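Below is one structure, written out as structure tokens; comments come after it.
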Amino acid sequence: MAPVRVGLVGCGFSANLHIEGYKKLSPEQCQVVAVCGVPKEMAEGFAAKHGIPQAYGSMEELLEKANVDAVDLAVPNSLHAPFIIEAARAGKHVFCEKPLTGYFGGPDTKGDEPIGKTVAKSTMLEHAKQEVNRVMEAIQSAGITFGYAENWLYAPAYVKLWRLAKTAGGTILRIEAEESHSGSHADYAKTWRGSGGGSLMVKGSHPLGAALQLKWWEGEEKFGKPIRAASVVCEVGNLTWIESFEREKKKYVRTGWKDVEDWGIIVVKFEDGSVAEVKAGDTTLGGVHNYLEAYLSNARLRANINPNDSCVAYAPEGTIFEPEYISEKIETKGGWTLPSPDEDWHQGYPQEIADFVAAIREGRQPVSGATLAREVTLVLYAAYVSAEEGRRVDVKPILEY
Amino acid sequence: MAKVRIGLVGYGNAAQFHMRSWQNLGPEVAEVAAVCGRSEERASAFAEEYGIPRSFGTMGEMLSAVDVDAVDLAVPNNVHGPLSTEAAAAGKHIICEKHLTGYFGEPDAPADVLIGETVPKREMLEKVKAECDAIGRAVREAGVAFCYAENWVYAPSFAKLRRLAEAAGGTIIRIQAEESHSGSPSVYAKQWRTEGGGSLVLKGSHPLGAVLQLKQWEGQKRNGRPIRPASVMCEVGNLTFIESVKQEPKHYIKMDWKDVEDWGLMVLKFDDGSVAEIAAGDTTLGGVHNYLEAYLSNARIRANINPNNACVAYAPSPEIFGDEYITEKIETKGGWTFPSPEEDWNLGYPQEMADFAAAIAEGREPMSGFMLARDVTLVLYSAYVSAEEGRRVELTSMLA
């Protein structure tokens, strides 16, 4: 079988992450044949750096000229939905960064409008639902393979956790999961317009996806049908707006959040009565904090995606380990640290790319696909409604499709 | 410093570990002069076992016969309210096991009514608030000290956390805390009538107490007034009622909960905008799981009350460690374990009694006092209202 020809759309942070994943595969399996970006010069620079033959100024041009089997969408969140639909119509398989889509303002929204404060979350949910369903229709009618870049599903610790849970066979009663660190550097993460939400959207979507998937699998394993979310209760907050924090001279936690939360918690109740506590924050010191713990009726399992103690180090001063990498967002290399031996591998980045390519070659859907992408988006926006209205939100009617 | 004379009320489990703590402090600090309980016989047996000079059938008899400075109420939750009021009226300082009070059903309700399922939580909250306020008035008017036996406030790892937080000086922006294990064996823990709630009341009150105390303390340090909770959002569940759990042939988690939750989560927002996530469960394997983590603007501190790795052990087979104690509620002594070197100390039991004795002798407020006792109770019942009605509940005016 011929190698999968991939067109990379975007040349920023995610594109860099993805290209490393493709490079780990053999040229018989896949080839990144083109990249596009705005401005075109950036794409050309990216192409030169990574040995990609062709560079274009838009996805439209790439689709027209590059003869690719699949596109990899490493573009801002607000572009995911229109790009997926366009690529699906052209019959291309799609690999898309999370989230699937969301609410980023309407056609009349002014550029500087703080939509996180001015638009009702129920309106956003309605919009997101329509958008998600449009994307699903495009994917299904084109019959393409759709990969949702939820790397947690491929993180080795999480994969091991599920194998142990499956073997134990007990009921997954409770899941606790979190992704936090001391704050995104990117400006787009600080506005609703840029990201479609705050910490819950940008970070919480990972542990949420992993939690929803576990119950989904459990249901399929036990009853031949998924166990899905039934309701959500959510709180969000802006911890960096606390007065005494604002007065502090030196800030170790990122500030400057505009109209999005910098902390949030979602409590999901599932159809079978089990629960999940999903947390996300941009206010947590100590490096990226990614974990999922599953409490079964006959076992207890924890996946420490990051940090974990596969390597433990100590240095009396922060300079001693320079320039060796320790772990994402750690503020100091001094004292005890938990250096990540291979962060990409622990987070499942090369594994997700490998599964996407294999899925295309085998004509199947990848482990992380459109169904999970849809579920995550809708549960997230239902959670925002819960926090804004201060009430539990029933998600069953929202998830109906 | 004068020695404090104690009258112990109760002879059950709580009375035993209180007694161990008093003995630990030594006779120059505190002396348990008498013990009382519903069964005079059992009180007398308890007195004999611990070398307590006198024993009685009621607290009233004890207080009129023996001159004590304080009563130590190591009795079921549903009598804390009346006994506290009675002791205050007699001018005695009060040491009270958690909780201050709760809702246990109407006196005339038939014993088989599942009040957790039939009485609206809002009604419970109103009654509990009235009772809290009545106890508060009695304590205030008598001018006695009220010592709330929330041991977490005194647990060494939590005390260290507080000192580190003080040194760091940053804002405590988020707190995560939990108490869980695989389920209370007692039937009393499984019905509302006897405990006034489920996992949140029985277990959650500890992490909640520590969280509230930490923010009170932070506010006192920074602004001279406590930071208090402003709202609560809560979810409760019965994870052992899940159909597939019921069908499993072997249960490692305690089953048969009646009208109380076996898992709960409270999300608090404080009046400074900070938050706390407090979890409690009777469905968690692996031994008692007690921790509190504080996320500051310039530091992060975790108190692993239990388990922690002060001692780490491994045994290829569970019988190898024989009768040696490992830790509370651990299901097996096989595999890797975290044996608790000295559980009472680790949980802050002797330390709380030391502070209470000193507070009474010095005429000051204990670190864990009436405001904390009242806040814990009212936040818990407000949380139940939140879970039942599926909405956020405001706390500021209620706690005022």
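First to last, the sequence lines map onto chains A and B.
Just so you know, we're using my numbering here: the first sequence kicks off at 1338 and counts up by one.
Just so you know, we're using my numbering here: the second sequence kicks off at 134 and counts up by one.
Backbone N, C-alpha and C fix where the C-beta goes; we use that ideal spot for every residue, glycine too.
Nothing here was measured: the structure is a model prediction, and the numbers come from that model.
Proximal residues to residue i (C-beta, below 8 Å), its chain only, five neighbours per side dropped
i        : result
K1435(A) : Y1485, A1486, E1487, S1542, H1543, G1546, A1710 and V1713
R1426(A) : A1475 and A1479
A1636(A) : L1501, A1502, A1505 and G1507
D1406(A) : V1341, R1342, V1343, K1429, H1430 and I1697
R187(B)  : A166, A167, V168, A180, M195, A198 and V199
A432(B)  : L297, A298, A301 and G303
Proximity test, Cβ basis, 8 Å: residue i and chain B
i        : result
Y1589(A) : yes
I1735(A) : no
N1645(A) : no
S1611(A) : yes
R1500(A) : no
W1489(A) : no
K1497(A) : no
N1627(A) : no
E1608(A) : no
S1521(A) : no
K1361(A) : no
L1622(A) : yes
V1713(A) : no
Y1632(A) : yes
K1670(A) : no
V1604(A) : yes
Residue i at chain A interface by Cβ criterion, 8 Å
i       : result
N431(B) : yes
Y447(B) : no
R524(B) : yes
S377(B) : yes
S407(B) : yes
L372(B) : yes
W396(B) : yes
T417(B) : yes
K113(B) : Residue 113(B) lies beyond the stretch modelled for chain B, which goes from 134 to 533, so this question has no answer here.
G326(B) : First, the amino acid is wrong: residue 326(B) is Arg here, not Gly. False, the Cβ-Cβ gap to chain A never drops below 8 Å.
T191(B) : no
One or two residues paired with residue i in a DSSP bridge
i        : result
F1432(A) : D1409(A) and G1484(A)
T470(B)  : A446(B)
L206(B)  : V142(B) and C229(B)
Y385(B)  : Answer by DSSP bridge pairing: none, since Y385(B) is not bridged.
W396(B)  : G370(B) and G414(B)
G496(B)  : G496(B) pairs with nothing; no bridge assigned.
D1731(A) : S1568(A)
E1397(A) : DSSP lists no partner for E1397(A).
A436(B)  : L425(B)
F189(B)  : C169(B)
W1673(A) : Y1651(A)
I1512(A) : A1613(A) and A1631(A)
G1344(A) : A1371(A) and V1408(A)
A409(B)  : I308(B) and L401(B)
E527(B)  : S364(B)
A1392(A) : V1372(A)
Contact set for residue i: own chain, Cβ-Cβ below 7 Å, skip 5 residues either direction
i        : result
S1723(A) : V1569, V1570, C1571, R1729 and V1730
W155(B)  : I139, A163, V165 and M486
Other residues of its chain near residue i: CB distance less than 6 Å, five sequence neighbours each side excluded
i       : result
A221(B) : A271, V272, A275 and V277
I185(B) : V165 and V168
V550(B) : What the structure shows of chain B is the stretch from 134 to 533, and residue 550(B) is not part of that stretch, so it cannot be assessed.
The ligand HEM heavy atom lying under 7 Å from the CB of residue i
i        : result
I1452(A) : Because no ligand of any kind appears in the structure shown, any question about the ligand HEM cannot be addressed here.
- [ ] Pick out the complete alpha helix (DSSP H) segments inside the stretch 239-291 of chain B, 4 residues or longer, and give them in chain order.
- [x] 248-251 and 254-275
TODO: Run through the stretch 301-336 of chain B for me and flag every whole alpha helix (DSSP H) of 4 or more residues, listed as ranges in chain order.
DONE: 325-328
- [ ] Examine the Cβ distances between the stretch 188-198 of chain B and the stretch 234-249 of chain B and report whether three or more of them are shorter than 8 Å.
- [x] no
Task: Whole alpha helix (DSSP H) elements within the stretch 1440-1471 of chain A, 4-residue minimum - done: 1452-1455
Task: Contiguous alpha helix (DSSP H) assignments of at least 4 residues, all confined to the stretch 1569-1652 of chain A - done: 1580-1584
Open item on the list: Is it the case that the stretch 1518-1533 of chain A contacts the stretch 1452-1465 of chain A, given that we only count it when at least three CB pairs across the two stretches are under 8 Å?
Closed with: yes
TODO: Decide if the stretch 1512-1528 of chain A is in contact with the stretch 1614-1631 of chain A; the criterion is three or more beta carbon pairs, one per stretch, under 8 Å apart.
DONE: yes
TODO: Flag this pair as touching only if the stretch 476-490 of chain B and the stretch 324-336 of chain B have three or more C-beta atom pairs under 8 Å; answer yes or no.
DONE: no
- [ ] Would you check if there are 3 or more beta carbon pairs closer than 8 Å linking the stretch 287-297 of chain B to the stretch 404-415 of chain B?
- [x] no
Open item on the list: So, does the stretch 1653-1660 of chain A touch the stretch 433-447 of chain B, judging by three or more C-beta pairs under 8 Å?
Closed with: no
TODO: Taking 8 Å as the threshold, find out whether the stretch 450-466 of chain B comes into contact with the stretch 326-344 of chain B through three or more Cβ pairs.
DONE: no
TODO: Would you check if there are 3 or more beta carbon pairs closer than 8 Å linking the stretch 484-502 of chain B to the stretch 301-316 of chain B?
DONE: no
- [ ] Check whether the stretch 374-390 of chain B touches the stretch 223-236 of chain B, taking contact to mean three or more Cβ pairs, one atom from each stretch, closer than 8 Å.
- [x] no
TODO: Spell out a yes or no on whether the stretch 1570-1585 of chain A and the stretch 1665-1673 of chain A are touching, meaning 3 or more CB-CB pairs, one atom from each, closer than 8 Å.
DONE: no
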